[in-house]
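Chemist: With the first letter of the sequence shown counted as 1, position 70 gets the number 700 in this note's numbering; the numbers rise by one all the way through.
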Amino acid sequence: MATARLLLLLTLTHCMRRPIMATTTARLLLLLTVAGFCLCHTTGQEAAPPPPPYCGSLRTAVEARNIIGWKTVPPPCAKYVADYITGERYGRDADVVINEAIAYAESLKLSGTGKEIWVFDVDDTALSTVPYQANHGYGVQPFDNQSFLKYVVQGSAPALQSTLRLYRRLLQLGIKPVFLTDRTEDQRTVTTNNLIQQGYCNWEKLVLQPVGLQTSTLAFKTCERQKLVNDGYIIVGNIGDQWNDIRRSPDGCRTFKFPNPMYYVD
Numbered sequence: 631m632a633t634a635r636l637l638l639l640l641t642l643t644h645c646m647r648r649p650i651m652a653t654t655t656a657r658l659l660l661l662l663t664v665a666g667f668c669l670c671h672t673t674g675q676e677a678a679p680p681p682p683p684y685c686g687s688l689r690t691a692v693e694a695r696n697i698i699g700w701k702t703v704p705p706p707c708a709k710y711v712a713d714y715i716t717g718e719r720y721g722r723d724a725d726v727v728i729n730e731a732i733a734y735a736e737s738l739k740l741s742g743t744g745k746e747i748w749v750f751d752v753d754d755t756a757l758s759t760v761p762y763q764a765n766h767g768y769g770v771q772p773f774d775n776q777s778f779l780k781y782v783v784q785g786s787a788p789a790l791q792s793t794l795r796l797y798r799r800l801l802q803l804g805i806k807p808v809f810l811t812d813r814t815e816d817q818r819t820v821t822t823n824n825l826i827q828q829g830y831c832n833w834e835k836l837v838l839q840p841v842g843l844q845t846s847t848l849a850f851k852t853c854e855r856q857k858l859v860n861d862g863y864i865i866v867g868n869i870g871d872q873w874n875d876i877r878r879s880p881d882g883c884r885t886f887k888f889p890n891p892m893y894y895v896d
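1. In whole angstroms, give me the CA-to-CA distance for residue 889 and residue 858.
2. Label residue 844 either buried or exposed according to how many other C-beta atoms from any shown protein chain fall within 10 Å of its C-beta, with 16 as the threshold for buried.
3. Helix or strand or just coil, what does DSSP make of residue 700?
4. Which residue comes first and which comes last in the alpha helix (DSSP H) that contains residue 780?
5. Could you give the first and the last residue of the continuous alpha helix (DSSP H) run that contains residue 795?
6. Determine the contact status of residue 851 and residue 812, defining contact as a CB-CB distance below 9 Å.
7. How far does the alpha helix (DSSP H) with residue 596 in it extend, from its first residue to its last?
8. Quick check: what's the CA-CA separation for residue 694 versus residue 860?
9. Flag this pair as yes or no: are the beta carbons of residue 866 and residue 884 separated by less than 9 Å?
10. Counting Cβ pairs closer than 8 Å, one from the region 817-826 and one from the region 780-791, do we hit at least three?
11. Would you decide whether residue 722 is buried or exposed? Buried here means 16 or more other CB atoms lie within 10 Å of its CB.
12. Determine, using beta carbons only, whether residue 901 and residue 764 come nearer to each other than 9 Å.
13. Of the residues 714, 742, 791, 750, which one's Cα is nearest the Cα of residue 836?
14. Just verifying my parser: in three-state terms, what is the DSSP assignment at residue 807?
15. Judging by CA-CA distance, which residue of 719, 768, 872, 871 is the nearest neighbour of residue 703?
16. From the DSSP output, in three-state form, read off residue 672 for me.
17. In angstroms, rounded to a whole number, what distance separates the CA positions of residue 777 and residue 741?
18. For residue 896, count neighbouring C-beta atoms within 10 Å of its own C-beta (all shown protein chains included) and say buried if the count is 16 or more, exposed if not.
19. Of all the options 877, 814, 819, which has the alpha carbon lying nearest to the alpha carbon of residue 840?
20. Hey, residue 893 and residue 809: beta-carbon distance below 9 Å or not?
21. Considering only residues of the same chain and omitting the five flanking positions on each side of residue 878, which have a CB-CB separation below 6 Å?
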């Protein structure tokens with residue numbers, strides 16, 4: 631404070647000695663002095679540090695598949711992901727995807743053969759695992775298969791309402807839904823009941839993975855889609871929360887990536 635006053639005094643003295651030539655310089659010095667004085671004497675509690683600035687960018691990169699093979703959500707982004715999933719943004723992002731999918735489906739001219747199908751993933755596409763994720767850090771904790779299986783067998787996973795909206799519209803249009811999931815055959819009954827209880831009904835097929843199959847989800851789903859095509863089906867659409875749901879031919883006439891920043895499955 632004393633330094634600021636001294637600088638102010640020197641500035642005014644300088645102005646008095648050279649009133650014409652030093653006017654501009656003096657005004658500038660005066661402004662800087664007052665500004666510095668105010669900054670040094672700002673009162674009040676300091677603001678909390680902002681969340682890591684890269685978390686939103688990280689989520690964007692994950693959705694665009696610019697980042698692959700990651701195992702867990704970085705701990706500094708735990709709150710960001712939790713707030714995203716439990717807040718309004720997750721639902722809004724999902725609605726954008728679903729609205730586009732419905733608009734696309736409504737634009738199709740069907741063959742009349744009844745062979746047009748739309749492939750749906752199950753977990754975090756048709757049914758939500760958010761109740762499970764809420765108890766496991768929203769992706770911060772490493773995936774534990776045993777605890778997740780306990781969640782599955784409860785058969786209480788809620789529907790993702792935006793996906794259910796697409797599902798019902800497809801039935802109205804005459805496009806047959808097919809569920810293709812890496813859940814295993816021993817979970818068929820609980821999965822069927824869970825889907826029906828949440829409003830999904832009248833599907834064409836529910837394809838589950840054989841128990842003990844030693845292959846990647848990508849390879850399994852690609853193979854099963856090829857079987858559908860070989861049986862004469864036309865995959866007009868395909869939607870999933872993981873890139874392995876919608877990658878590799880035959881992937882469908884059009885694919886849709888449902889948002890999911892919580893985990894990555896290869």
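Every residue, glycine too, gets a C-beta built ideally from N, C-alpha and C.
Modeler: If we stick to the structure as given:
1. 26 Å
2. exposed
3. coil
4. 775-784
5. 791-803
6. yes
7. For the chain, the structure presents residues 631 to 896; residue 596 sits outside this window and is missing.
8. 30 Å
9. yes
10. yes
11. exposed
12. Residue 901 cannot be examined here, being either before or after the span of the chain that is shown, 631 to 896.
13. 750
14. strand
15. 768
16. Confidence at residue 672 is low in this model, with a pLDDT of 43, below 50, so its placement is unreliable and the value that follows should be read with caution. Residue 672 falls in the coil class under three-state DSSP.
17. 45 Å
18. exposed
19. 814
20. no
21. 852
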